[in-house]
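Take a look at the structure below.
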Amino acid sequence: MIRLNSLLGVVLLLICTCFNIFAQETFTINGVRDDRSNYYAITNATIHISPSEKLENATLVIKEGKIISVNKSNAVPKGAAEINAKGKHVYASFIDANSHYGMPGVKKGSFWSWTKPENIGPQNPKAYNANDAIRANNNAAELFKSDDKKAEAMRKIGFGSALTYLPDGVARGTSALITFGKGRANTLILENQVGAHYAFDKGSSAQMYPVSTMGYVALLRQTYYDAQWYTEGGKEKFTDLTLEAFNATQSFPQFFDTKDLFDLERAAKVGKEFNKKYIYVGNGDEYQDLATLKQFQPSLIIPISYPQPINVVDPIDAMNAPFSEMKHWELAPSNLAMLEKEGFTFAITASKLDSKTSFLKNLRLAVERGLSEEKALEALTVTPAQYINASSRLGTLEPGKIANFIITSDNIFSKKGKVLENWIRGHQFVIEKWTNDDLIGNYALKVNNTTYTLKASGDNPSAPKWNVSINDSTKLDTKATLHQGMMTLAFAGDTTKNAPKIRLSGWADQNGNFSGEGKDTKGEWVKWTAVKAVASSDKKEDQKKDKEEKANVLGDVIYPFSAYGSKEIAKQEDILITGATVWTNENEGVLENTDVLIKEGKIVKIGKGLKASKKTRVIDGKGKHLTAGIIDEHSHIALFSVNDVAVMSSMVRMEDVVNPNDVDIYRQLAGGVTAAQLLHGSANPIGGQSAIVKMKWGHTNPEELLFPNAKPFIKFALGENVKRSSWPMSHRFPQTRMGVEAVYNDGFARARAYDKAHKEYAGQGPKPRKDLQLEALAQILNDERFISCHSYVQSEINMLMKVADSFDFRVNTFTHILEGYKVADKMKKHGAGASTFSDWWAYKFEVYEAIPQNAALMTSQGVTVAINSDDSEMGRRLNQEAAKSVKYADMSEEEALKMVTLNPAKLLQIDDQVGSIKVGKSADVVLWTDHPLSIYAKSAYTLVDGTVYFSLENDEQLKKEMTAERARLVAKMQEAIKNGAKPKDVAPKINHHMHCDHLHLD
């Protein structure tokens, strides 16, 4: 018999709400205590005990908020209220392991303003950390305040509990395990201080340092070292409640929220350094570099927030739509399936969704793309429970666990699988009114000896629309009502206008069929029955789905995930280049009609008529010129940020923000560049640590771009940028050129004392504090790290050389150095090299006395001179920049070419590996179509370690492939929009072309 549960649901909900309010035993009761035990039996359901175990036609028994049993007997225990869930599914409620539910809002802090000075120190006067972005003392349980509206939104999509924390700062404090029930915080919090949370984001901090991702990394690293030092004796010097809280949470599960795939990888690098096994909150782009992720097998929490299609109706918009965004729109829903295929452990989160209502739709799309239902359910229940050490309480429907479960109308991963009820700690929340019967379908309606078709249709299976027809096609005017199993039905006897009605009344039996009595068109009493036809599988719907799957052809993941990416990463080859004009940069000079043999990434032979095996690739160099690869001594390409703002930023590392997806790498390869030093900017007297990279386009792991065994460098700066000439409201020291000198003297004096203390420490007493800032300066004093110094004016150049002499170290390179011609003799004596512009001048006051003969004049004094770019566009034509010294100063062509090949290699101390064409050196070479100093010369092939990363031939092929792929994606987006997807307008992606003075606030 059909039995409606709506009234029961309302009554139970009222009871549960009252019980929830007064469940806390210490709460003062205003009235009579309610001791009802919330004892229920959910019968006749398909119960998913765990992702891998389910029982058909089974019963779930709960009491006092706990699961008592799951069995197939369907026997209702004495005293339990039965809820017949025939045809329904029961799952453990979902767990969100990354939530900010119940937390106060976080207002983004800003350290600067056009009208007032920056905040240099911490703004909190209490005994907390010296940096306001370290907030390890935050406690989510103390901040938690329930929000009925937001809780209801989570219940509707199946979630019963979550790990919530305040997303503020680099070290964010601890989280609390809460439920999405109703009531006081006391009854909603399941566990206090569950996990410790981190992110590369300063949050609400208005303190000046840090402002960049590399600064966030440095701050977190320093905090780990400080926390250890504080425990070992540092606390005797001062009290830091934040460090105490930080240390107290290191045994908790460690969670790291990330902005993108590269954020995840840099967090893993920190984790490796400090032996931390983070659980990473991802962003849905993990599929773009699965190979790197597999190297450290991260535990993941993955959002299913998919990008919108782009409105590409206008052909100009279609052209401007970022290629990588178009690719990601198509592939993002496949992310989870790819992760599962590669064996990753992950949970699924509803965070990062603009609207929670899209969660189940997106989840089902992920399943359609190949995510197994078992893995999806595991990622929503078992895995998050494991992450938060709550497996004994949540995640499965086993006896003794908390009664958090959902009742769904069908398989939750099917479109029919609506969440009907969400039970939290044994309390019922009705999401949608329902019955235990699905009335949708066709019935054989028999009135005396006449047979009709009675059809029930619509979206609500318990309240369908009814219609009677003859011969399955001729519809008759019909009116019907169904109330608590009683059917009242009236329909026309024929199709004529004003035809007399047949009026019937009857009841449903336990099988869902109807029978009763009524009157025919003549008013005679009749008997009637309506027997539901057995539902057959909708073959047409299945065929339609198969057709859609076949039509939904997906593009390939490309490496890197950017324009000019390829399906395969370029591979090293054995190559013989024949008949070329070879510019050796060695004593042999320029060799005509010469062959060069490359094996295993090295130059192994140079000569005429060389032979190679059949497997060796032969490139005809006739009429072409072969040179060593161009090396840019001063570049800011392929970086996510370039400046931090501490006076001494020696603790930040450019290697932490290398962007291997930057298309400028490909463009530089097209200009013959094979390596570069990626420098910190010039915002501070002492900048960050450099990254020397090889242009390995297609490698998506930033670590793979780093030049092997390169000596470490660091950026220093002099002049207008350092003293903030363009920012008069600043009160950051220094503000004069004299102050800059004072910074150097103070920094190296402290570094010398720091180095001495560490070298002399013999294990007695507290160990000296590890200071990443002074550590880098101590390396300079010990000839272990080398300086590239941004410079212009001769007085400052002299000043820094004097400071270096007084502390017994050497300035390796003065970069820019447009007044170098004035002090070249002193530079030679000091041992400094120069990396300059070819002919930049008059773009600011301190460069007014620059001359285009600068490079040649410094060379004439015996200084090693390079030409650099400091600009992504100029970096593409450094061969032409070198040629300007031939024009302006009659420099020889070979010496000019050396200024962008061998000389920068010498300055970077990698000339034993690159910079010339010599047997044994790395095969970083360029085959030019013309004289290498000519404006008409193009790179026909650019090789790095014997791998062709650019060729004119492949470039043309990539352009054709991108054009075809863009057209395919445009058509697919238009079809998606036609089918109801909400589009977004084109927002052309703006790549920041970084320079020394660029302050990009992350």
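The sequence shown begins at -17 in the working numbering and counts up by one.
For each residue, glycine too, the CB sits at the ideal point set by N, CA and C.
On the criterion of 16 or more Cβ atoms from any shown chain inside 10 Å, does Met711 qualify as buried, or is it exposed? Locating residue 711 in the sequence shown gives position 729, where the first residue counts as 1. Burial call: exposed.
message = Could you tell me the alpha carbon to alpha carbon distance between Arg734 and Ala786, rounded to whole angstroms?
response = The residue you call residue 734 lines up with position 752 of the sequence shown. The residue you call residue 786 lines up with position 804 of the sequence shown. The straight-line gap from Cα to Cα measures roughly 13 Å.
For Asp78, the three-state DSSP class (helix, strand or coil) | Position 96 of the sequence shown, counted from the start, is the residue given in the question as residue 78. Three-state result, Asp78: strand.
Q) How about Ser904 and Asp927: are their beta carbons less than 8 Å apart? A) Taking the sequence shown and counting its residues from 1, the one referred to as residue 904 is at position 922. Taking the sequence shown and counting its residues from 1, the one referred to as residue 927 is at position 945. For Ser904 and Asp927, yes; Cβs fall inside 8 Å.
Candidates Arg792, Gln761, Pro642 and Pro886: closest to Lys810 by CA position:
Within the sequence shown, numbered from 1, the residue matching residue 810 stands at position 828. Closest by alpha carbon: Arg792.
For Trp507, count neighbouring C-beta atoms within 10 Å of its own C-beta (all shown protein chains included) and say buried if the count is 16 or more, exposed if not. Position 525 of the sequence shown holds residue 507. With fewer than 16 other Cβ atoms within 10 Å, it is exposed.
- Query: In chain order, what residues of the same chain lie with their CB nearer than 6 Å to the CB of Ala969, ignoring the 5 residues before and after it?
  - Reply: Taking the sequence shown and counting its residues from 1, one reaches residue 969 at position 987. Excluding positions up to five away in sequence, the list is empty.
- Item | For Lys1003, the nearest candidate out of Arg137, Ile384 and Gly423 (CA to CA) | The chain is shown only over -17 to 984; residue 1003 falls outside these bounds and no answer can be derived.
* Can you list the alpha helix (DSSP H) stretches of 4 or more residues lying completely in the region 676 to 751, in chain order? -> 719 to 742
Uninterrupted beta strand (DSSP E) stretches inside the region 274 to 339 (no shorter than 3 residues) = 281 to 285 and 327 to 331
### Query
Going by C-alpha distance, which of Leu860, Val725, Ala871 and Ile892 is nearest Pro914?
Your numbering for residue 914 matches position 932 in the sequence shown. Nearest C-alpha to Pro914: Leu860.
Check your understanding: Considering only residues of the same chain and omitting the five flanking positions on each side of Asn666, which have a CB-CB separation below 6 Å?
Key -> The count along the sequence shown starts at 1 and reaches residue 666 at position 684. Excluding sequence neighbours, Asn666 sits near Val629 and Ser631.
Review point. With 16 other CB atoms within 10 Å as the buried threshold, where does Asn119 fall?
Key: Position 137 of the sequence shown, counting from 1, holds the residue named residue 119. Under this definition Asn119 is a buried residue.
Option in Ala871, Ala27 and Ala230 with minimal Cα separation from Ile121: Numbered from its first residue, the sequence shown carries residue 121 at position 139. As written in the sequence, residue 121 is Asn, which differs from the Ile given in the question. With distances taken between Cα atoms, Asn121 lies closest to Ala230.
Roughly how far, in whole angstroms, is the beta-carbon of Val450 from the beta-carbon of Asp502, given that I think they are within contact range, below 8 Å?
Indexing the sequence shown from 1 puts residue 450 at position 468. Indexing the sequence shown from 1 puts residue 502 at position 520. That belief does not hold up - the Cβ atoms of Val450 and Asp502 are roughly 14 Å apart, past 8 Å.
Worksheet item: Taking the alpha carbon of Lys132 as the point to measure from, which residue in Ser143, Arg719 and Gly701 has its own alpha carbon closest?
Response: Reading the sequence shown from its first residue, position 150 is the one you call residue 132. Nearest of Ser143, Arg719 and Gly701 to Lys132, Cα basis: Ser143.
- request: Tell me whether Leu890 sits in a helix, a strand or coil according to DSSP, three-state version.
  value: Within the sequence shown, residue 890 is the residue found at index 908, counting from 1. Coil at Leu890, not helix or strand.
How many angstroms separate the CA atom of Glu702 from the CA atom of Val624?
-> In the sequence shown, the residue the question calls residue 702 occupies position 720. In the sequence shown, the residue the question calls residue 624 occupies position 642. Glu702 and Val624: Cα-Cα distance of roughly 17 Å.
Which whole-angstrom value describes the C-beta separation of Val675 and Val640, a residue pair presumed to lie in contact below a C-beta threshold of 8 Å? Numbered from its first residue, the sequence shown carries residue 675 at position 693. Numbered from its first residue, the sequence shown carries residue 640 at position 658. The pair is a contact, with the Cβ atoms about 7 Å apart (cut-off 8 Å).
| Just checking my contact of Glu637 with Thr797 at CB under 8 Å: how many whole Å lie between their CB atoms? | Here residue 637 is taken as the residue at index 655 of the sequence shown, counted from 1. Here residue 797 is taken as the residue at index 815 of the sequence shown, counted from 1. The Cβ separation is near 19 Å, so there is no contact.
DSSP puts Glu403 in a beta bridge; with which residues? If you number the sequence shown from 1, residue 403 lands on position 421. In the DSSP output, where bridge partners are listed per residue, Glu403 has Ile389 and Val412.
Q.
Taking contact to mean 3 or more Cβ pairs, one atom from each stretch, closer than 8 Å, check whether the region 69 to 77 and the region 362 to 379 are in contact.
A. yes
Please determine, among Ile394, Tyr546, Leu159 and Ala512, the residue with the shortest C-alpha to C-alpha distance to Asn431.
Indexing the sequence shown from 1 puts residue 431 at position 449. Closest option to Asn431, Cα to Cα, is Ala512.
> If we count Cβ pairs, one from each stretch, closer than 8 Å, do we get three or more for the region 278 to 296 versus the region 321 to 338?
Replying inline: yes
On a Cα-Cα basis, can you pick out the residue from Lys590, Ser544, Tyr546 and Thr883 that is closest to Val655?
Reading the sequence shown from its first residue, position 673 is the one you call residue 655. The option with the nearest alpha carbon to Val655 is Thr883.
task: With a floor of 4 residues, list each alpha helix (DSSP H) that falls wholly inside the region 144 to 232, ordered by position along the chain.
output: 167 to 170, 195 to 213 and 223 to 230
| task | Report the three-state DSSP secondary structure of Ala657 (helix, strand or coil). | result | As a position in the sequence shown, residue 657 is number 675, starting the count at 1. Reduced to three states, the DSSP call for Ala657 is strand.
- prompt: Nearest-angstrom Cα distance between Gly745 and Asp753?
  reply: The residue given as residue 745 occupies position 763 in the sequence shown. The residue given as residue 753 occupies position 771 in the sequence shown. In a straight line, the C-alpha of Gly745 is about 18 Å away from that of Asp753.
Quick check on Val578 - is its C-beta less than 8 Å from some C-beta in chain D?
Of the protein chains in the structure, only one exists, and it is not chain D.
Query raised in the report: Exposed or buried, Met720, counting other C-beta atoms within 10 Å across all chains shown (16 or more means buried)?
Result: For the purposes of this step, residue 720 is identified with residue 738 of the sequence shown, where counting begins at 1. By the neighbour-count rule (16 or more Cβ atoms within 10 Å), Met720 is not buried but exposed.
- Message: Tell me which residue opens and which closes the beta strand (DSSP E) that Thr818 is part of.
- Response: What you label residue 818 is simply residue 836 of the sequence shown in a count that begins at 1. Segment Gly815 to Thr818, the beta strand (DSSP E) holding Thr818.
* To do: Express the C-alpha separation of Ala249 and Thr682 in angstroms, rounding to a whole number.
  => As a first step, residue 682 must be located in the sequence shown, where it is residue number 700. As a first step, residue 249 must be located in the sequence shown, where it is residue number 267. C-alpha separation (whole angstroms): 16 Å.
- Message: Are the CB atoms of Pro291 and Glu307 within a distance shorter than 8 Å?
- Response: Here residue 307 corresponds to residue number 325 of the sequence shown, with the count starting at 1. Here residue 291 corresponds to residue number 309 of the sequence shown, with the count starting at 1. No, the pair does not count as a contact, with Cβ atoms beyond the cut-off.
* Along the chain, where does the alpha helix (DSSP H) that runs through Ser842 open and close? -> Start at 1 with the first residue of the sequence shown, and residue 842 comes out as number 860. Looking at the DSSP string, the run of the alpha helix (DSSP H) that includes Ser842 is Asn836 to Ser842.
Whole-angstrom distance between Glu350 and Phe395, CA atom to CA atom | Here residue 395 is taken as the residue at index 413 of the sequence shown, counted from 1. Here residue 350 is taken as the residue at index 368 of the sequence shown, counted from 1. One C-alpha to the other measures close to 9 Å.
Out of Leu688, Gly747, Cys771 and Arg706, which one is the CA nearest neighbour of Tyr726?
To locate residue 726, count along the sequence shown from 1; it is residue 744. The shortest Cα separation from Tyr726 among Leu688, Gly747, Cys771 and Arg706 belongs to Cys771.
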